[in-house]
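Worksheet: one structure, shown below.
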Amino acid sequence: MEIKGFSLTNVGRFKNLSIFLASTATHASNVTVFVGNNGAGKTTLLKFMATSLSWLVARIRTEKGVGNHIAESDIRNGTSNALVSIGIRDCSEGLESSFGNASSNMFLWGIARTRQGRKGSEHSSLLQVSHLANYYRTRLTENDKASLPLIAYYPVERSVLEIPLKIRTKHTFDQLDGYDNSLNRGVDFRRFFEWFREREDSENETGISDTALAEISEKFGPDSDVWKTLSKLKASSRDRQLTAVRSAIAAFMPGFTNLRVQRKPRLHMAIDKDGVTLNVAQLSQGEKSMMALVGDIARRLAMMNQSLDNPLHGDGIVLIDEVDLHLHPKWQRSLIRQLGETFPNCQFVLTTHSPLVISDAKDVLVYVLNDGELHEHNGLYGLDANQVLLEVMDTDIRNSDVQKRLNALLERLQDGDLETAQKLFAELAEELPDGHIELAKAALLLRKLELRRA
Ligand SMILES: Nc1ncnc2c1ncn2[C@@H]1O[C@H](COP(=O)(O)OP(=O)(O)OP(=O)(O)O)[C@@H](O)[C@H]1O
Ligand SMILES: [Mg+2]
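Position one of the sequence shown corresponds to residue 88 (this note's numbering), numbered consecutively onward.
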């Protein structure tokens, strides 16, 4: 399932905006990224995609389900009618929608809102969302283990790992529970913890516990046949859903392994970082936010695709606002590539302020939002961060005063004005750090000029 098109009329700052999302004929990846300055409207776009999708989730849950509405404050100032429309393509087996006499795999629906006391010119049209939801309900009715598409929105306020001290007693998690809070709160770590414990309990019931394995290793040695046989048995009884979550976290966070629930001395979640065991609460903000995001996507996919060999290959749509939040540049750079590799059948719609995020993945569809207008930006793959800053984000790559003085220096060098050049160079060399690349280039030119003069 993927969003093909989306349009806003008189919503937030947008008068009329229509967009197509990847994958398209020219952008094979299923990642679309929006960049733009503060207040450009990125969050508005994602929020209303989530609003539209909430109707699908609500109607998968119940036939007459009601999703989120457009709030009065979201209607563009000075206008009376707002409309949000979405077009979804879903090529699931046996699913077709009909338009007049033709049939296709496209499903369109729209939500409208009129200001109080005004006359409405737009109306919500929800026929096709019902039709699509109906398909999934039928599928679940026929087969208890049928998969559902993941639909999730991670707003900027996604709370990072508020780790509950007490957790509720066991309850079961079925596919539908994968939608719990998926469109309003983003990361739901309480559920993550509860779910993880529940899965681990059932894993331990059918398998061999870590402590037992450690004892055997101590007694008979890790090379003994007993240990080898038992650890093989343990591997085969590993819970598929837990394995999926653990492997997703390992892919995004190299060096972090073996996420687990520990019961002693107090119930908590633990993870090994380069061989050292840490309570998850002790991780850094960036580590937590990465783990929470990836863990949450993986958990939901695992719950919703219980019959897949690899639940991470489940189908879905994931919206993430400011995807680079708290992340070190190294992680920002690999993020999109990693999302595509780890969750190959999910469509991602992202916003970012980071030049690194968008310059490291091929075939990504990048839109620049400027004053409510949208421009597609192609060919960013492999560009360095400076060029992206200059060309896409319209931002100087260095302090403007330093840049001015560097420019003046280069001009003097070109004119062959050795004395002024030497003076400017000396001043800059005093202030800038050793190894400044532009200054090093200027030093070479200066040396050349001096030699020529000599
Ligand atoms: N009802 C409205 N009518 C007109 N303009 C509105 C309305 N509601 C919000 N806006 C404008 O839309 C902008 C909010 O856009 P949004 O939050 O989507 O920006 P953004 O691109 O996510 O910015 P940031 O990068 O800072 O998160 C604000 O500048 C606000 O002035
Ligand atoms: Mg925003």
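C-beta: ideal position from N, C-alpha, C; glycine also.
For Asp297, the enclosing alpha helix (DSSP H) stretches over residues Asp297 to Phe307.
With contacts defined as CB atoms closer than 8 Å, Pro442 and Ala472 qualify as a contacting pair.
Taken through DSSP and simplified to helix, strand or coil, Ile175 comes out as strand. Taking 7 Å as the cut-off, the C-beta of Val444 does not count as close to any heavy atom of ligand 2. Residues Ala109, His114, Ser116, Val118, Thr119, Val120, Ile423, Ile445, Leu467 and Tyr468 of the same chain have their beta carbon placed closer than 8 Å to that of Val451, with the five preceding and five following residues left out of the count.
In this structure the region 371 to 388 touches the region 396 to 408; the number of beta carbon pairs closer than 8 Å is three or more. Asn291 sits in a helix when the DSSP states are folded into three classes.
Contact holds between the region 320 to 329 and the region 282 to 299, because three or more Cβ pairs, one in each stretch, are under 8 Å apart. Listed by position in the chain, the residues whose beta carbon lies within less than 5 Å of some heavy atom of ligand 1 are Gly99, Arg100, Asn125, Gly126, Ala127, Gly128, Lys129, Thr130, Thr131, Arg163 and Asn164. In this structure, Asp411 has its beta carbon at no less than 7 Å from each heavy atom of ligand 2. The beta carbon of Thr201 sits closer than 7 Å to the beta carbons of Ser167, Asn168 and Gly207 from its chain, once the five residues preceding and following it are set aside; these are given in chain order. Each residue's CA atom was taken as its position, placing Phe107 and Leu133 some 13 Å apart.
In this structure, the beta-carbon distance from Glu409 to Thr438 falls below 8 Å. Sorting Pro431, Ser217 and Trp282 by C-alpha distance to the C-alpha of Glu183 places Ser217 at the top. Shown here for Glu428: same chain residues with a beta carbon closer than 8 Å to its own, the five before and five after excluded, namely Ala338 in chain order. Placement of the Cβ of Asp177 at a distance of 7 Å or more from every heavy atom of ligand 2 is found. In terms of Cα proximity to Asp458, the closest of Lys129, Ser334 and Ala112 is Lys129. It is roughly 7 Å from the alpha-carbon of Gln262 to the alpha-carbon of Leu235. One thing to note: Gly273 has its Cβ within 8 Å of the Cβ of Pro242.
The beta-carbon distance between Ala529 and Leu500, rounded to whole angstroms, is 7 Å. This is short enough to meet the 8 Å contact definition.
For Ala239, the enclosing beta strand (DSSP E) starts and ends at Leu237 to Tyr241. Taking non-hydrogen atoms of ligand 2 into account, the C-beta of Val153 is found less than 7 Å away from none of them. Relative to the non-hydrogen atoms of ligand 2, the Cβ of Asp450 never comes closer than 7 Å to any of them. Membership of Met193 in the beta strand (DSSP E) is indicated by the continuous run Met193 to Thr201. Rounded to the nearest angstrom, the Cβ distance from Ala137 to Leu270 is 5 Å, consistent with a contact under 8 Å. Taken in chain order, the complete beta strand (DSSP E) segments of 3 or more residues contained in the region 433 to 501 are 433 to 438, 452 to 457 and 460 to 464. For the beta strand (DSSP E) assignment, the uninterrupted runs of no fewer than 3 residues enclosed by the region 94 to 122 are, from N- to C-terminal side, 101 to 107. According to DSSP, Phe343 shares a beta bridge with Lys360.
One alpha carbon belongs to Glu518, the other to Leu533, and they sit about 18 Å apart. For Val405, the enclosing beta strand (DSSP E) begins and ends at Gly403 to Ile407.
Asp408 has its CB nearer than 7 Å to a heavy atom of ligand 2. Within the DSSP secondary-structure output, Val348 pairs in a beta bridge with Met356.
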